[in-house]
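Colleague: What follows is a single structure, and I will ask about it in a moment.
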Amino acid sequence: MKTIAVAGGGIGGTIVANRLCERLRPEIEKDEVKVAVFDRSGQHVYQPGQLFAGFGLEQPSDLVKSEEQLLSPKARLMQGKAGEITKIDVANHALNTGDGKSHPYDYLVMATGSVLDWDLVPGLKESMLSVWDMEGAQRHLAALRGFQGGTIVVNVARLPHKCPVGPLEETLMLEDYLRRRGLRDKTELVYAYPIPGVFGIPNVNKVMTRIYEERGIRVVSPFTVKAVDPQGKTIESNEGEKLKFDLLLGVPPHMGSKVVGDSAVGDRRNWVPTDKFSLQMKDHSDVFVMGDTTDIAISKAGSTADFESYVVADNVANGIRGSDVRKEYDGSVFCFIATGMSTATYIRFNYNTPPVPPPPSGVNWWSKIAYNKLYWSVTAKAMV
Numbered sequence: 016m017k018t019i020a021v022a023g024g025g026i027g028g029t030i031v032a033n034r035l036c037e038r039l040r041p042e043i044e045k046d047e048v049k050v051a052v053f054d055r056s057g058q059h060v061y062q063p064g065q066l067f068a069g070f071g072l073e074q075p076s077d078l079v080k081s082e083e084q085l086l087s088p089k090a091r092l093m094q095g096k097a098g099e100i101t102k103i104d105v106a107n108h109a110l111n112t113g114d115g116k117s118h119p120y121d122y123l124v125m126a127t128g129s130v131l132d133w134d135l136v137p138g139l140k141e142s143m144l145s146v147w148d149m150e151g152a153q154r155h156l157a158a159l160r161g162f163q164g165g166t167i168v169v170n171v172a173r174l175p176h177k178c179p180v181g182p183l184e185e186t187l188m189l190e191d192y193l194r195r196r197g198l199r200d201k202t203e204l205v206y207a208y209p210i211p212g213v214f215g216i217p218n219v220n221k222v223m224t225r226i227y228e229e230r231g232i233r234v235v236s237p238f239t240v241k242a243v244d245p246q247g248k249t250i251e252s253n254e255g256e257k258l259k260f261d262l263l264l265g266v267p268p269h270m271g272s273k274v275v276g277d278s279a280v281g282d283r284r285n286w287v288p289t290d291k292f293s294l295q296m297k298d299h300s301d302v303f304v305m306g307d308t309t310d311i312a313i314s315k316a317g318s319t320a321d322f323e324s325y326v327v328a329d330n331v332a333n334g335i336r337g338s339d340v341r342k343e344y345d346g347s348v349f350c351f352i353a354t355g356m357s358t359a360t361y362i363r364f365n366y367n368t369p370p371v372p373p374p375p376s377g378v379n380w381w382s383k384i385a386y387n388k389l390y391w392s393v394t395a396k397a398m399v
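Take the sequence shown: its letters are residues 16 to 399, numbered as in this note's numbering.
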């Protein structure tokens with residue numbers, strides 16, 4: 016029997032496992048192939064929904080389901096200690112787990128995601144409210160409900176981070192939220208970003224900069240945060256700027272998962288070296304990497320993992336069957352961008368075609384809502 020190990024049960028790991036089970040259905044039913052998903056928690060969080068939870072538009076309980084509910088019954092879920100990966104041993108083609116066992120594989124799909132590296136910036140964790148984790152989203156909502164005016168700084172600490180358009184959405188939703196509460200005239204809204212502009216893709220930066228100007232949002236960039244003073248309520252940059260705040264929101268630094276570093280299979284920030292077309296780990300043809308885990312200069316977004324999953328599933332299935340046919344990932348990404356509490360735009364692009372965001376509209380907003388709602392029944396289960 017051949018074994019496909021999927022390391023991680025987040026968005027990428029779940030979708031690719033379900034695609035593999037469908038692609039290899041005949042082999043799985045004959046016990047010639049097994050797909051094993053390793054995920055310690057056994058809980059699946061729809062992280063893109065945390066932004067909406069931070070504004071009271073989603074209930075946190077609606078953003079979490081058990082991994083078993085989402086995985087194909089043909090996949091084997093390893094959870095608890097049995098799903099806790101302690102070492103990714105690419106030299107010996109095996110995963111070691113917290114129960115002391117070693118699990119050999121014929122193919123490995125690494126979808127171990129990213130984690131928040133709060134400790135990189137002194138004072139940041141004590142000061143920033145971030146919807147990039149569930150607890151932070153709930154604290155974010157409580158803080159907004161109690162806010163009566165002052166200076167709000169939205170800061171992106173470092174690039175890259177998951178959901179690259181998220182800070183744009185948070186800032187523009189916040190501006191609209193304050194306006195609806197009658198607090199906009201009492202609030203200075205500041206956006207501090209680590210590279211020039213408000214976003215890294217020129218076409219998107221141009222459109223969003225214009226919207227920021229129209230909304231009276233002050234942009235301070237480049238601003239690479241060096242330290243935060245929780246008592247003095249100031250945030251200081253490597254560039255020498257110091258901003259005062261009454262409320263600090265935003266995105267903490269990100270890095271690849273700890274097990275990548277412990278296994279010495281990543282770079283200094285634990286991103287795994289990955290071929291941008293084949294999605295194979297460099298120098299390891301039996302290891303595929305997807306989603307936040309890669310070092311590819313492409314958006315760390317759920318849609319990225321979804322697009323990548325087609326390529327990974329097809330190429331692993333072809334390899335299992337002895338076929339030389341290989342597909343390549345073209346860099347496809349699709350992201351909705353909320354531009355307020357009832358409007359949105361979107362970006363669709365790949366390696367060769369840059370995005371051109373259409374004008375914000377209510378139709379795009381409701382399309383974003385619909386996509387979020389359909390995630391559980393359609394996207395996660397790889398129904399399309």
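Beta carbons are placed, not taken as given, at the ideal position from N, Cα and C, and that holds for glycine. The structure presented is a predicted model; accordingly, all values stated were derived computationally and were not measured.
#1: Who are the near neighbours of H299 in its chain, counting only those whose CB is closer than 7 Å to its CB and skipping five residues on each side?
#2: If I'm right that S236 touches Y208 with Cβ under 8 Å, what's the distance once you round it to whole angstroms?
#3: Let me know the secondary structure DSSP gives D46 once reduced to three states.
#4: By the three-class DSSP mapping on this structure, what secondary structure does Q295 have?
#5: Can we count V240 as close to the ligand PLP, meaning its CB is less than 7 Å from some heavy atom?
#6: What does a CB cutoff of less than 7 Å around S142 pick up in its chain, not counting 5 residues either side in sequence?
#7: For D290, I'd like the list of residues in its chain whose CB is within less than 7 Å of its CB, leaving aside the five on either flank, ordered along the chain.
#8: Where DSSP assigns a beta bridge to F303, which residues make up the other side?
#9: Does the separation of the CB atoms of I250 and V240 fall below 8 Å?
#10: Which residue comes first and which comes last in the alpha helix (DSSP H) that contains Y366?
#11: Taking three-plus beta-carbon pairs below 8 Å as touching, is the segment 146-166 in contact with the segment 19-39?
#12: Scan the segment 190-274 and note each continuous alpha helix (DSSP H) run of 4 residues or more that stays entirely inside, going in chain order.
#13: State buried or exposed for S314, treating a residue as buried only when at least 16 other CB atoms are found within 10 Å of its CB.
#14: For R34, is the classification buried or exposed, using 16 other Cβ atoms within 10 angstroms of its Cβ as the cut-off for buried?
#15: Give the secondary structure of N285 by DSSP, where H, G and I count as helix, E and B as strand, and everything else as coil.
#16: Quick one, which of W380, T101, G164 has its alpha-carbon nearest F53's?
#17: Kindly indicate which residue of L131, A126, S347, H155 has the alpha-carbon position closest to the one of T174.
Modeller: Considering the structure as presented:
#1: V105
#2: 4 Å
#3: coil
#4: strand
#5: Ligands are entirely absent from the displayed structure, and the ligand PLP is therefore not among its contents.
#6: V243, P245, L263
#7: K297
#8: V124, Q295
#9: yes
#10: No alpha helix (DSSP H) holds Y366; DSSP gives it neither H nor E.
#11: no
#12: 217-230
#13: buried
#14: buried
#15: coil
#16: T101
#17: It should be noted that the sequence gives Leu, not Thr, for residue 174. The option with the nearest alpha carbon to L174 is L131.
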